[in-house]
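Okay, so the sequence shown: first residue is 200 according to our numbering, each after it adds one. In this text, a Cβ means the ideal position worked out from N, Cα and C, and glycines have one as well. Let me begin by presenting the structure, written as structure tokens, before commenting on it.
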Amino acid sequence: MNGSVIGPADRLRILVAVIVYNGQAFVPRALASIARLQTTSGHTVDVLVLDDASPAPGWSDELAGLCAQLGIGCYTSPRNLGIPRNMNLGLLHAEAAGYDACVLLNSDVVVAATLIDRLVAVATSGSNGSGADTVPIASVTSWANDVSMFSLPNDDAERYLSQQVRLDQVAESLTDEFGLTAIDLPTGCGFCLYIPIAAIEAVGLMDPVFGRGYAEEVDWCCRATERGWRHVLAPSAFAFHMGSATNSEAGLLAKGMRTVSTNEALVDYRHPWYRPRLDDWSTVDPFPELRARATRRLVTDAARDRGVVIDATWLDRGGSDRDDRVRVVVTPDGLVPTVEARVDGWSLAIPIDGSGPIAAIAGLLGVLPSQVRLHDIGEVAGRLAVEAKSLGVSVKRSARYPERV
Numbered sequence: 200m201n202g203s204v205i206g207p208a209d210r211l212r213i214l215v216a217v218i219v220y221n222g223q224a225f226v227p228r229a230l231a232s233i234a235r236l237q238t239t240s241g242h243t244v245d246v247l248v249l250d251d252a253s254p255a256p257g258w259s260d261e262l263a264g265l266c267a268q269l270g271i272g273c274y275t276s277p278r279n280l281g282i283p284r285n286m287n288l289g290l291l292h293a294e295a296a297g298y299d300a301c302v303l304l305n306s307d308v309v310v311a312a313t314l315i316d317r318l319v320a321v322a323t324s325g326s327n328g329s330g331a332d333t334v335p336i337a338s339v340t341s342w343a344n345d346v347s348m349f350s351l352p353n354d355d356a357e358r359y360l361s362q363q364v365r366l367d368q369v370a371e372s373l374t375d376e377f378g379l380t381a382i383d384l385p386t387g388c389g390f391c392l393y394i395p396i397a398a399i400e401a402v403g404l405m406d407p408v409f410g411r412g413y414a415e416e417v418d419w420c421c422r423a424t425e426r427g428w429r430h431v432l433a434p435s436a437f438a439f440h441m442g443s444a445t446n447s448e449a450g451l452l453a454k455g456m457r458t459v460s461t462n463e464a465l466v467d468y469r470h471p472w473y474r475p476r477l478d479d480w481s482t483v484d485p486f487p488e489l490r491a492r493a494t495r496r497l498v499t500d501a502a503r504d505r506g507v508v509i510d511a512t513w514l515d516r517g518g519s520d521r522d523d524r525v526r527v528v529v530t531p532d533g534l535v536p537t538v539e540a541r542v543d544g545w546s547l548a549i550p551i552d553g554s555g556p557i558a559a560i561a562g563l564l565g566v567l568p569s570q571v572r573l574h575d576i577g578e579v580a581g582r583l584a585v586e587a588k589s590l591g592v593s594v595k596r597s598a599r600y601p602e603r604v
């Protein structure tokens with residue numbers, strides 16, 4: 200199941216349980232994206248929205264109507280349960296209804312069309328090139344722009360990654376780059392957590408002692424670890440995550456806060472080994488290299504598919520919304536050792552050597568720039584013009600001062 204057609208024997212039944220509490224501003228966009236999973240996956244996918252007695256006037260009725268339009272299930276609790284108990288409704292239903300796995304999803308996400316297939320593929324292969332492959336996987340977390348320490352950050356995620364087409368392109372590039380790779384984690388992250396039913400049966404449910412929520416999935420993952428299971432990230436699975444919007448909407452987090460200290464203290468009390476293990480893991484953090492690989496793949500794929508333009512300018516004027524090419528900004532009066540290629544909120548540093556800036560840029564991106572835009576004059580601007588002419592790259596000049604100035 201690594202990108203090939205999924206046969207009948209490989210098809211799993213997956214329940215996607217979406218945790219909702221208020222969120223009128225972002226939930227409709229999330230559900231429109233999540234509902235597609237029922238038709239874009241090679242597995243049998245059902246979506247169930249779990250409305251935790253949202254108090255916003257009329258919202259629960261509006262939400263039920265929206266779910267009916269999208270062809271997904273909806274259940275509204277008669278009273279507020281809190282996030283751990285609401286998650287448990289999804290886990291219990293998945294187990295009782297005979298699903299193979301449950302995916303817990305926050306309602307502040309936009310997901311790639313391939314999300315379920317990538318999570319399943321990694322969960323059922325779990326390859327990381329080490330002996331840990333034989334340890335059963337209790338959870339798989341999707342990669343995202345904002346998912347704790349495991350993030351692949353984007354400079355303008357709301358602008359770029361919330362667009363379904365762009366998000367699907369990102370996921371396609373990451374799948375090509377990482378395939379079935381699984382990155383071992385000290386804990387999963389509940390914003391998007393794939394849990395096999397076998398793990399639920401072995402570990403149990405989220406503990407309601409975590410009240411309204413936060414760190415309940417960390418406690419669950421620690422319990423799974425203590426029972427001999429492992430947790431992984433699937434870098435080939437990707438989602439846009441608004442980042443704590445669900446918890447902020449529920450009033451769990453004050454502005455600027457990223458966690459609930461009392462719940463963190465409970466995790467420390469129950470699992471005293473967890474924090475030292477987290478510290479040890481951070482010393483061999485694989486994510487800088489992982490992020491570098493991902494960013495290079497995303498930028499080079501965009502360069503191949505959409506082209507490259509070089510801007511020699513005193514000011515970083517930004518690209519036109521109508522120009523989605525990869526943009527490389529070069530200061531016209533002196534070339535620094537590296538320049539940046541930018542596209543869709545991703546940035547890739549390109550080292551410049553003596554072979555010429557255009558050749559160096561083309562060498563790393565794998566495609567010759569289609570245009571050099573000269574907004575001024577200067578030593579580097581002149582070199583760019585000469586090199587562009589020799590390579591057959593078009594030059595566009597604008598706002599040029601007289602030579603005497």
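For the candidate residues the options, whose alpha-carbon lies nearest to that of residue i?
i: residue 583; options: 432, 334 and 508; result: 508
i: residue 274; options: 249, 262 and 285; result: 249
i: residue 405; options: 411, 415 and 398; result: 415
i: residue 346; options: 380, 245, 389 and 337; result: 389
i: residue 411; options: 562, 369, 312 and 287; result: 287
i: residue 401; options: 407, 557 and 290; result: 290
i: residue 596; options: 574, 590, 587 and 588; result: 574
i: residue 358; options: 440, 266 and 394; result: 440
i: residue 292; options: 246, 460 and 314; result: 246
i: residue 296; options: 244, 487 and 276; result: 244
i: residue 409; options: 504, 280 and 223; result: 280
i: residue 500; options: 566, 352 and 276; result: 566
i: residue 426; options: 276, 432 and 397; result: 397
i: residue 478; options: 262, 348 and 352; result: 348
i: residue 491; options: 504, 460, 352 and 465; result: 352
i: residue 267; options: 489, 227 and 576; result: 227
i: residue 262; options: 222, 232, 278 and 277; result: 222
i: residue 522; options: 537, 418, 542 and 503; result: 542
i: residue 278; options: 265, 259 and 461; result: 259
i: residue 464; options: 413, 324 and 224; result: 413
i: residue 269; options: 314, 461 and 232; result: 232
Verify whether the separation of the beta carbon atoms of residue i and residue j is less than 8 angstroms.
i: residue 391; j: residue 341; result: yes
i: residue 230; j: residue 217; result: yes
i: residue 524; j: residue 506; result: yes
i: residue 472; j: residue 385; result: no
i: residue 339; j: residue 322; result: yes
i: residue 271; j: residue 234; result: yes
i: residue 530; j: residue 579; result: yes
i: residue 320; j: residue 366; result: no
i: residue 219; j: residue 350; result: no
i: residue 284; j: residue 407; result: yes
i: residue 587; j: residue 560; result: no
i: residue 434; j: residue 511; result: no
i: residue 497; j: residue 369; result: yes
i: residue 251; j: residue 546; result: no
i: residue 593; j: residue 570; result: yes
i: residue 239; j: residue 312; result: yes
i: residue 399; j: residue 294; result: yes
Please confirm if residue i has its CB atom under 8 angstroms from at least one CB of chain B.
i: residue 336; result: Although the question refers to chain B, the structure presented lacks it and comprises just one protein chain.
Residues bridged to residue i by DSSP?
i: residue 430; result: 338 and 384
i: residue 395; result: 300
i: residue 545; result: 542
i: residue 348; result: 346
i: residue 439; result: 309
i: residue 595; result: 572
i: residue 247; result: 216 and 272
i: residue 466; result: Note: residue 466 sits in no beta bridge, so no partner.
i: residue 511; result: 529 and 573
i: residue 537; result: 550
Since residue i and residue j are thought to touch, with beta carbons under 8 angstroms apart, how far apart are those beta carbons, to the nearest angstrom?
i: residue 551; j: residue 527; result: With a Cβ gap of about 10 angstroms, residue 551 and residue 527 do not count as contacting.
i: residue 335; j: residue 428; result: 5 angstroms
i: residue 308; j: residue 436; result: Contact flag wrong, Cβ pair sits at about 12 angstroms.
i: residue 467; j: residue 474; result: 6 angstroms
i: residue 394; j: residue 343; result: Wrong, their Cβ atoms sit about 17 angstroms apart, outside the cutoff.
i: residue 316; j: residue 430; result: That belief does not hold up - the Cβ atoms of residue 316 and residue 430 are roughly 20 angstroms apart, past 8 angstroms.
i: residue 382; j: residue 432; result: 4 angstroms
i: residue 418; j: residue 469; result: 6 angstroms
Considering only heavy atoms of the ligand COA, does any lie closer than 7 angstroms to the CB of residue i?
i: residue 481; result: Looking at this structure, you won't find the ligand COA or any other ligand, since it has none at all.
- Message: Could you check whether the region 290-305 touches the region 213-225, counting it as contact only if at least three pairs of C-beta atoms, one from each stretch, sit closer than 8 angstroms?
- Response: yes
- Item | Three CB pairs or more closer than 8 angstroms across the region 249-264 and the region 356-367 | no
- Message: Quick test of the definition: if touching needs 3 or more C-beta pairs under 8 angstroms, does the region 409-423 touch the region 362-382?
- Response: no
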